[in-house]
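These notes are about the structure you will find just below.
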Amino acid sequence: MVMAGILVFSQGTGVIAAENVSAGITAEGVIEEEESSEAEGSVVDVMHDGESGSEGSTEEPAAEIGEEEDEGSGMQDLAVPETADQTTETEAAVENEGEDLSGADGQEAGSGSAAEEGADEDGDDYSAASEYADEETGSDSSESESAAEESVQEELSAVAAKTQEENPEGNTETEPYIERQFGFGDRSMLPGWTQWIDRLQHCYVENAEYPEGRHFDMTVTDISLEDIEGENVVSISYSGENGWDLRAQNGGICKVTVTYKDWDGSQNTEEFRLYVGSDVYEVDLWTDSGSDRILPGGEAAMTAEARHEVYDFASREYHSCSEEEMAGITYEWRLEFFDENVRQELGDLITLTPDEEDPRKAVIRFGDIPDGWNHIDANVIVTISENGEAKAENNHWIFMDRHYYELWPTRIDGNIDVGQETVFTPQVREYPADNADGYDILPAEQVEYEVEIYDDKAYTVTPGDGGTYVVKRLREYDTSFRIRAFVKNEDGNPEEVDNREYWLNRKNYDFWYDISGNDQIFSDGLRTFGFNLDELDGVDYELVPEVGRGEWNEESGFEDPLEEGDGWGYDSSAHQITFSGPALYEKGIDRIETRISLRIGGEEVASEWHGFDVREAWYDFHGEFEDEVLFVDDEWF
Numbered sequence: 038m039v040m041a042g043i044l045v046f047s048q049g050t051g052v053i054a055a056e057n058v059s060a061g062i063t064a065e066g067v068i069e070e071e072e073s074s075e076a077e078g079s080v081v082d083v084m085h086d087g088e089s090g091s092e093g094s095t096e097e098p099a100a101e102i103g104e105e106e107d108e109g110s111g112m113q114d115l116a117v118p119e120t121a122d123q124t125t126e127t128e129a130a131v132e133n134e135g136e137d138l139s140g141a142d143g144q145e146a147g148s149g150s151a152a153e154e155g156a157d158e159d160g161d162d163y164s165a166a167s168e169y170a171d172e173e174t175g176s177d178s179s180e181s182e183s184a185a186e187e188s189v190q191e192e193l194s195a196v197a198a199k200t201q202e203e204n205p206e207g208n209t210e211t212e213p214y215i216e217r218q219f220g221f222g223d224r225s226m227l228p229g230w231t232q233w234i235d236r237l238q239h240c241y242v243e244n245a246e247y248p249e250g251r252h253f254d255m256t257v258t259d260i261s262l263e264d265i266e267g268e269n270v271v272s273i274s275y276s277g278e279n280g281w282d283l284r285a286q287n288g289g290i291c292k293v294t295v296t297y298k299d300w301d302g303s304q305n306t307e308e309f310r311l312y313v314g315s316d317v318y319e320v321d322l323w324t325d326s327g328s329d330r331i332l333p334g335g336e337a338a339m340t341a342e343a344r345h346e347v348y349d350f351a352s353r354e355y356h357s358c359s360e361e362e363m364a365g366i367t368y369e370w371r372l373e374f375f376d377e378n379v380r381q382e383l384g385d386l387i388t389l390t391p392d393e394e395d396p397r398k399a400v401i402r403f404g405d406i407p408d409g410w411n412h413i414d415a416n417v418i419v420t421i422s423e424n425g426e427a428k429a430e431n432n433h434w435i436f437m438d439r440h441y442y443e444l445w446p447t448r449i450d451g452n453i454d455v456g457q458e459t460v461f462t463p464q465v466r467e468y469p470a471d472n473a474d475g476y477d478i479l480p481a482e483q484v485e486y487e488v489e490i491y492d493d494k495a496y497t498v499t500p501g502d503g504g505t506y507v508v509k510r511l512r513e514y515d516t517s518f519r520i521r522a523f524v525k526n527e528d529g530n531p532e533e534v535d536n537r538e539y540w541l542n543r544k545n546y547d548f549w550y551d552i553s554g555n556d557q558i559f560s561d562g563l564r565t566f567g568f569n570l571d572e573l574d575g576v577d578y579e580l581v582p583e584v585g586r587g588e589w590n591e592e593s594g595f596e597d598p599l600e601e602g603d604g605w606g607y608d609s610s611a612h613q614i615t616f617s618g619p620a621l622y623e624k625g626i627d628r629i630e631t632r633i634s635l636r637i638g639g640e641e642v643a644s645e646w647h648g649f650d651v652r653e654a655w656y657d658f659h660g661e662f663e664d665e666v667l668f669v670d671d672e673w674f
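Count along the sequence shown starting at 1, add 37, and that's the number in this note's numbering.
Structure, rendered in structure tokens:
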């Protein structure tokens, strides 16, 4: 009797949560095969040996062919009928990932218990099926069965020989797995800080359909907030096509639930928490080149930067600690892998070396990686501590591939002012492992680019000369756009090979009235006020004042506006506004409101509001004098 074994590979993911970023790192699929002579079929046990990270971030593995896990052990039994025909049918069912073989009562078809009871979904009996096969074949049944068994044995032997030839060391890197990486995670924040959630998150899949691996976008569809401690801890300050911006408001803890469309079209959720307080440590981490892709034998230099921010709830003032105040900060670097078999199999071929002179810097190196390892994910983690106490942690994924495409440049000038332009030339670099120069730049005619505009009020992106793109900034806030690169595949159809999001950083155009003393206007003279414009050095701007009474709206301005010259005037060269106390007082005006608009290229990017009381001038003299006798050199006050 031939024992036909079916191996089922199951994959799950977990999440490591850091201060700023969390990403899935769990690899699953530890296989144990057990042959049973008691049941009429071989039994394969699949153990889920996964691990999870932060709370609310564990992804359960997708059920395979109607599997039902035992609580605790995570084991399942798949019994395979003994006849060659039934074995073939079962193997076909396994290959059909979407087919459900569970019984009517939820029990797995072909499980050990089902085999003993002899009932399948339709109430048919395995032994009855065998008798039916015998009746059909008659006296030749034993010869047919023997031939079928021999054929199956030859197929299994061929598969085993091929597997041993392709994977002599038992390299589990070839096993299917799914890796989800999210650009958000548990984080400590001060009031007023923001947390960006990009609509597109990253996922890497390597399975039978994509044996060389493929990168996917996961699309975030919804964000929900729940206060765990405190009230109105976090709000959604922006929601647009490109993502969401969450703003910390009050002290407390907020749970954020992110709903997203997974790589396979299913809907899943991911949770993380935002802790809003008065004292926050953070550490930024990036690659010096701006790229997180690497070839075997390559290396990437990385830099971390610690920050300590303090907020006073009473005064609502912020304080950024200086380097001197943070002299006791230490950096600890470590390396983790999505698939822990990488560490076991490759040993010291992948290293992370901190800089001896500057602890903020480190270099990750990939040595001579053996054939068969086509894709490796390395998670670089840095932790900052003060006085021996861990304060913050961040991570950054580095991806090693033997062949990949990458869209360049990795970043553009995101600090341009409103009204300014920046020009860049996108290019696609192909990185084959056998290229001694590192990469080839694909000819422009082989690449098509698609620009995704998220906010047409904030910028424009237009094609320029010679394959360039021109970005013109229209607004001052954080914003971004995405470019996708397409290269024709073997069938001549455009296939996306990479995409990148380019950011325009927030520009600070804050200004305010520079008032010394009181801010009252008196009926007996003029009062002139200037502005603090320190943040606007080098910026081509204009201030446009509005003065009036009552409510103000964007379309009509003040309900009762005062035109320039009617009690006030503005010196545009000195940026000063002057009020005439007598003129305003004579009109019976006791208070005026002002709105100063800061405009760049005709677009308003900031404004300043202030109200002034108009009062009658009055004098009050107090003093008592008496005759005094003074001698030489005496003084009298």
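All C-beta atoms, glycine included, are put in the ideal place defined by N, C-alpha and C.
{"query": "Tell me whether residue 670 sits in a helix, a strand or coil according to DSSP, three-state version.", "result": "coil"}
{"query": "For residue 507, does the three-state DSSP call read helix, strand or coil?", "result": "strand"}
{"query": "Quick check on residue 585: does DSSP put it in helix, strand or coil?", "result": "strand"}
{"query": "Please report the distance separating the alpha-carbon of residue 541 from that of residue 624.", "result": "48 angstroms"}
{"query": "Return the bridge partner residues of residue 496 from the DSSP annotation.", "result": "510"}
{"query": "Taking the alpha-carbon positions, what's the residue 636 to residue 615 distance?", "result": "20 angstroms"}
{"query": "To the nearest angstrom, how far is the alpha carbon of residue 261 from that of residue 293?", "result": "6 angstroms"}
{"query": "With DSSP as the reference, please indicate the residues paired to residue 461 in a beta bridge.", "result": "506"}
{"query": "Enumerate in chain order the residues of its own chain whose CB-to-CB distance from residue 516 is below 6 angstroms, with the five nearest sequence positions on each side excluded.", "result": "492, 495, 541"}
{"query": "Would you kindly report the start and end of the unbroken alpha helix (DSSP H) that includes residue 380?", "result": "378 to 383"}
{"query": "Which runs of the beta strand (DSSP E) spanning at least 3 residues fall entirely within the segment 252 to 290, listed in chain order?", "result": "271 to 277, 280 to 285"}
{"query": "So, are the CB atoms of residue 512 and residue 453 less than 8 angstroms apart?", "result": "no"}
{"query": "I need the straight-line Cα distance from residue 93 to residue 309, nearest angstrom please.", "result": "Because the pLDDT of residue 93 is 36, which lies under 50, any placement of that residue in the model is unreliable, and the number read from its coordinates should be weighed accordingly. Going by the C-alpha atoms only, they are around 7 angstroms apart."}
{"query": "Can you tell me the Cβ-Cβ gap for residue 570 and residue 612, rounded? I've got them flagged as a contact below 8 angstroms.", "result": "7 angstroms"}
{"query": "Can you round the beta-carbon distance between residue 265 and residue 291 to whole angstroms, since I take them to be within the 8 angstroms contact cut?", "result": "7 angstroms"}
{"query": "Select from 666, 589, 544, 582 the residue whose C-alpha is nearest the C-alpha of residue 574.", "result": "544"}
{"query": "Label residue 656 either buried or exposed according to how many other C-beta atoms from any shown protein chain fall within 10 Å of its C-beta, with 16 as the threshold for buried.", "result": "exposed"}
{"query": "If we count Cβ pairs, one from each stretch, closer than 8 angstroms, do we get three or more for the segment 356 to 363 versus the segment 326 to 339?", "result": "no"}
{"query": "Can you find the residues in the same chain that come closer than 7 angstroms, C-beta to C-beta, to residue 559, ignoring five residues on each side of it along the sequence?", "result": "618, 652, 654"}
{"query": "Rounded to whole angstroms, what is the Cα-Cα separation between residue 459 and residue 620?", "result": "49 angstroms"}
{"query": "At which residue ranges does the segment 343 to 425 contain complete alpha helix (DSSP H) runs of 4 or more residues, listed in the order of the chain?", "result": "378 to 383"}
{"query": "If you follow the alpha helix (DSSP H) that residue 619 is part of, which residue opens it and which one closes it?", "result": "618 to 623"}
{"query": "By a C-beta neighbour count over all protein chains shown, 10 Å radius and 16 as the cutoff for buried, is residue 315 buried or exposed?", "result": "exposed"}
{"query": "Three-state secondary structure (DSSP) at residue 481?", "result": "helix"}
{"query": "State the start and end residues of the unbroken beta strand (DSSP E) segment that holds residue 557.", "result": "Residue 557 -> no beta strand (DSSP E), and no H or E assigned at all."}
{"query": "Count the CB pairs spanning the segment 225 to 237 and the segment 274 to 283 that are closer than 8 angstroms, and state whether there are at least three.", "result": "yes"}
{"query": "In or out: residue 633 buried (at least 16 other Cβ within 10 Å) or exposed?", "result": "buried"}
{"query": "Tell whether a beta-carbon distance below 8 angstroms holds between residue 372 and residue 317.", "result": "no"}
{"query": "What separation, rounded to the nearest whole angstrom, lies between the Cα atoms of residue 249 and residue 430?", "result": "32 angstroms"}
{"query": "Give me the Cβ distance between residue 488 and residue 518, rounded to the nearest whole Å; I'm assuming they're in contact under 8 angstroms.", "result": "6 angstroms"}
{"query": "Determine the extent of the beta strand (DSSP E) in which residue 235 is found, giving its start and end residues.", "result": "231 to 235"}
{"query": "For residue 32, tell me which candidate among 299, 229, 270 has the shortest Cα-Cα distance.", "result": "Limits of the chain in this structure are 38 at one end and 674 at the other, which puts residue 32 out of reach."}
{"query": "Considering residue 646, what are the terminal residues of the beta strand (DSSP E) in which it resides?", "result": "640 to 652"}
{"query": "Take residue 682 as the anchor and find which of 443, 477, 471 has the nearest alpha-carbon.", "result": "Nothing in the structure corresponds to residue 682, since the chain is present only between 38 and 674."}
{"query": "Compute the Euclidean distance between the alpha carbons of residue 223 and residue 286, then round it to the nearest angstrom.", "result": "17 angstroms"}
{"query": "Would you kindly work out how many angstroms separate the C-alpha atoms of residue 346 and residue 268, rounded to a whole number?", "result": "22 angstroms"}
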